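As structure tokens, the structure follows; a few thoughts come after it.
Residue numbers (our numbering): 61 to 467.
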């Protein structure tokens, strides 16, 4: 566009106009630094928003309608099935509590024999206060709560009381809970299971107020038992986390379509688990603040680009006003308008590229490469646009007008 001699002229002009060239470089370095800080802050807020679900997961529990009970309830089988198959939830912890006794006895003898609290769970989180450190498993055991193995974990107190040992088989007589329309709870016989003791546990009472279970068995084993007896499987405790808290509206819409209701503290007490307690207040507050901050940064994007364009235009106009004689001489010596303007345009481009090199070197110490390149593009496009408009405005004048302008 300018040729070899043109590049020589450009280099000579930059060297001859040291102060003006340094000012252009300084302006460019300052713009690179400022835009990188702007983009870095916006990206930081985006990263915080994207990592918020991990830092602050949204926890949910199924409760009765007035929210007074989260354990010892019954959750409709269809509701439970819909929840377990939903892509909107993760890490579902659920269980079902039953009464139990040891050995065979008739239903009439249940009062003196049903002394044990038995719970089928799918993971340790389904029992408040239970952690891996609270459980001592036999070395040969590969016990999994998600399995249907005929195995159990027994409380240390019950182990000592009954003088049981790990590896011992016990005959567990199970009775399930049922709820009538009068909100009463009843126990009915289910079946006898022969299970092997594979571990013992120490559980403190959780913050729910429910007494810790005496025996834990895999949820799959109980499901099979319920299926054999054709009894609806109705969990007595369900909790989970929202899979994507940033899409809470979609999650709540799906939960509503499944049949879950919002908690109503004025509702009558019941044992039916039909309400969803979503603990999202803190998450929503933090996400809302971050989203508003990001939106403000987006609003400033256009303003910054217009400011850069304006700075480039004004700087180029002032530059041309101080170099009108130089432009007039190039035109008088036979240089075309396009060539003269192109030389000055490339001169400005060389200066801002040098400014980018200096500014980017500094910014790369605290910024990633993609953000630095984005800032360069964000500056280069409006800056060179403003510069081009200013140069074309000046270049339209004839040689005589330029000569008269120098007087």
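Don't be surprised by glycine CBs; every beta carbon is placed ideally from N, CA and C.
Since we're looking at a predicted model, the values are computed, not measured.
According to DSSP, simplified to helix, strand and coil, what is residue i?
i           : result
residue 81  : helix
residue 436 : helix
residue 315 : helix
residue 268 : Since pLDDT at residue 268 reaches only 49, below the 50 mark, its modelled position is unreliable, and no value is offered.
residue 231 : strand
residue 162 : strand
residue 334 : coil
residue 258 : strand
residue 348 : helix
residue 250 : strand
residue 148 : coil
residue 325 : coil
residue 181 : strand
residue 275 : strand
residue 405 : helix
residue 175 : coil
residue 354 : helix
residue 108 : helix
residue 465 : With a pLDDT of only 48 at residue 465, under 50, the local geometry of the prediction cannot be trusted, and the value read off the model is given with reservation. In the structure shown, residue 465 sits in a helix (DSSP, three-state: H, G or I).
Relative to the C-alpha of residue i, which candidate in the options has its C-alpha closest?
i           : options               : result
residue 230 : 104, 163 and 414      : 163
residue 186 : 90, 278 and 428       : 278
residue 228 : 209, 157 and 258      : 258
residue 451 : 97, 406, 325 and 68   : 406
residue 238 : 369, 294 and 273      : 294
residue 234 : 87, 171, 161 and 77   : 161
residue 102 : 431, 441 and 436      : 431
residue 20  : 327, 198 and 138      : Nothing can be reported for residue 20, as the shown portion of the chain is limited to 61 through 467.
residue 303 : 175, 94, 107 and 112  : 112
residue 157 : 435, 260 and 276      : 276
residue 194 : 204, 213, 208 and 209 : 213
residue 436 : 318, 250 and 419      : 419
residue 159 : 184, 250 and 223      : 250
residue 255 : 224, 318 and 449      : 224
residue 444 : 433, 365 and 400      : 365
residue 447 : 404, 363 and 434      : 404
residue 354 : 106, 300 and 95       : 106
residue 317 : 100, 87, 93 and 139   : 139
residue 253 : 347, 357, 208 and 349 : 208
residue 197 : 262, 155, 141 and 150 : 262
residue 469 : 100, 135 and 85       : For the chain, the structure presents residues 61 to 467; residue 469 sits outside this window and is missing.
residue 130 : 299, 433, 434 and 307 : 299
residue 110 : 174, 305 and 369      : 305
residue 147 : 362, 367, 301 and 319 : 301
residue 312 : 289, 286, 290 and 339 : 339
residue 438 : 96, 81, 152 and 421   : 96
residue 90  : 368, 245, 149 and 215 : 368
residue 352 : 108, 82, 372 and 83   : 108
Run the CB neighbour count on residue i, radius 10 Å, all protein chains shown included, and call it buried at 16 or more, exposed below.
i           : result
residue 168 : exposed
residue 375 : buried
residue 429 : exposed
residue 211 : buried
residue 477 : The structure shown does not extend to residue 477, since the chain spans only 61 to 467, so no value can be given for it.
residue 310 : exposed
residue 121 : buried
residue 205 : buried
residue 322 : exposed
residue 325 : exposed
residue 274 : buried
residue 467 : Residue placement at residue 467 is poorly supported in this model, since its pLDDT is 46, which falls under 50; the coordinates still yield a value, given next. Its Cβ having fewer than 16 others within 10 Å, residue 467 is exposed.
residue 296 : buried
residue 79  : exposed
residue 292 : exposed
residue 359 : exposed
residue 260 : buried
residue 135 : buried
residue 319 : exposed
residue 370 : exposed
residue 427 : buried
residue 315 : buried
Per the DSSP calculation, residue i is bridged to which residue(s)?
i           : result
residue 153 : 299
residue 288 : In the DSSP output, where bridge partners are listed per residue, residue 288 has none listed.
residue 245 : 239
residue 196 : 260
residue 339 : 119
residue 224 : According to DSSP, which records beta bridges pairwise, residue 224 is partnered with nothing at all.
residue 211 : 256
residue 170 : BP columns for residue 170 are empty, so no partner.
Fill in: Given 8 Å, three or more beta-carbon pairs between the stretch 174-188 and the stretch 331-338
no
Discussion item. For the stretch 340-360 against the stretch 114-133, do three or more pairs of beta-carbon atoms, one drawn from each stretch, fall closer than 8 Å, so that the two count as touching?
Written reply: yes
Worksheet entry | Three-pair Cβ contact test at 8 Å for the stretch 407-416 versus the stretch 70-86 | yes
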